[in-house]
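Reminder that position 125 of the sequence shown reads as 128 in the numbering used here, one-by-one numbering, no gaps.
Below is one structure; the comments refer to it alone.
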Amino acid sequence: MTQIAIIGGHGKVALHLAKILTGTGHTVTSFIRNPDHAADVTASGATPLLADVETLAAEELADKLTGFDALVWSAGAGGGGAERTYAVDRDAAIRSMDAAHQSGVKRYVMVSYKGSRADHGASSEDPMFAYYEAKAAADDYLRAKDLAWTILGPSSLNLDSATGKIEVGADVPAGETSRENVALVVAAVLENPATVGRFIEFNDGETPIESAIAV
Ligand SMILES: NC(=O)c1ccc[n+]([C@@H]2O[C@H](COP(=O)([O-])OP(=O)(O)OC[C@H]3O[C@@H](n4cnc5c(N)ncnc54)[C@H](OP(=O)(O)O)[C@@H]3O)[C@@H](O)[C@H]2O)c1
């Protein structure tokens, strides 16, 4: 049994993930910032923990992360403007990596997006510019951090039910994937140490997740 923290714990991916992980014997604590979300988190099988990662210093977050085996980052500003996007998707994510390191959390899984990279090519006029910049900065920071990290790159997310099947690869054209499949992929990489140090980009597809993420 593993103690897993999910940041962004009331997110759509996160609620699926908590259900999957607690259903397979893990203990999950879901970090949320809105107390009204606690009941949904409890219903997912996880324990809610109130923490606004936008305002918490790394040291404060490290205190809250002590004792966990793994941290999943599935938070996001969700198009809340450039300032909030940088504050959450880049700065708070980076603090969470420092906090994980300080508190001895070894495993870190980042929910990023398919195609995340510093040379994303979007112009500063693009409404997604801040998101692309923020995610690339956070992903690159994680790559350089002494943590057992995996970065996930799902395509556009939809609300379909999980198929349990995906297609992995940077060369696979971008498509869509369900949030429930993303949650299954997070759960699968947590079980598979061979996914450490990899950026796994994927769409929904035809290959069972365990095979698709195998090296
Ligand atoms: N949308 C796409 O097509 C797409 C594609 C690829 C990857 N992704 C990535 O996938 C991630 C997960 O997707 P999703 O659909 O599950 O997202 P979601 O439902 O929008 O969940 C994001 C969660 O982050 C939380 N959050 C935001 N600011 C926070 C803060 N300061 N402190 C604590 N929690 C905070 C939100 O809480 P509140 O409810 O309190 O705001 C929300 O519960 C996204 O964040 C995105 O980076 C998205």
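Don't be surprised by glycine CBs; every beta carbon is placed ideally from N, CA and C.
Only a predicted model underlies this, so the values are computations on that prediction, with no experimental measurement involved.
{"Asked": "Please determine, among Gly48, Lys148 and Ile154, the residue with the shortest C-alpha to C-alpha distance to serine 115.", "Found": "Ile154"}
{"Asked": "Run the CB neighbour count on glycine 156, radius 10 Å, all protein chains shown included, and call it buried at 16 or more, exposed below.", "Found": "buried"}
{"Asked": "Find out if the Cβ-Cβ distance for the pair isoleucine 216, asparagine 195 is shorter than 8 Å.", "Found": "yes"}
{"Asked": "Taking arginine 120 as the reference, give the member of Ser106, Phe34, Lys138 and Thr25 with the closest Cα.", "Found": "Lys138"}
{"Asked": "Do you know how far the Cα of alanine 73 is from the Cα of leucine 20?", "Found": "13 Å"}
{"Asked": "Given 8 Å as the limit, is there contact between the segment 175–190 and the segment 205–213, that is, 3 or more CB pairs closer than that?", "Found": "yes"}
{"Asked": "Among Leu64, Ala65, Leu18 and Tyr134, whose alpha-carbon lies nearest the alpha-carbon of alanine 85?", "Found": "Tyr134"}
{"Asked": "In terms of DSSP beta bridges, what is isoleucine 35 paired with?", "Found": "Leu53"}
{"Asked": "From the DSSP output, read off the bridge partner residues of valine 75.", "Found": "Ile9 and Val112"}
{"Asked": "Just to confirm, does alanine 219 get its C-beta within under 7 Å of one of the non-hydrogen atoms of ligand 1?", "Found": "As displayed, the chain neither begins before 4 nor continues past 218, which places residue 219 out of reach and without an answer."}
{"Asked": "Judging by CA-CA distance, which residue of Ile23, Lys15 and Ala173 is the nearest neighbour of leucine 193?", "Found": "Ile23"}
{"Asked": "Work out the CA separation of proline 38 and aspartate 94 for me, nearest whole Å.", "Found": "23 Å"}
{"Asked": "I'd like the list of long-range same chain contacts for glycine 70, defined as Cβ closer than 7 Å, with 5 residues on each side in sequence excluded.", "Found": "Gln6"}
{"Asked": "Going by other Cβ atoms of all chains shown within 10 Å of its Cβ, with 16 needed for buried, is aspartate 129 buried or exposed?", "Found": "exposed"}
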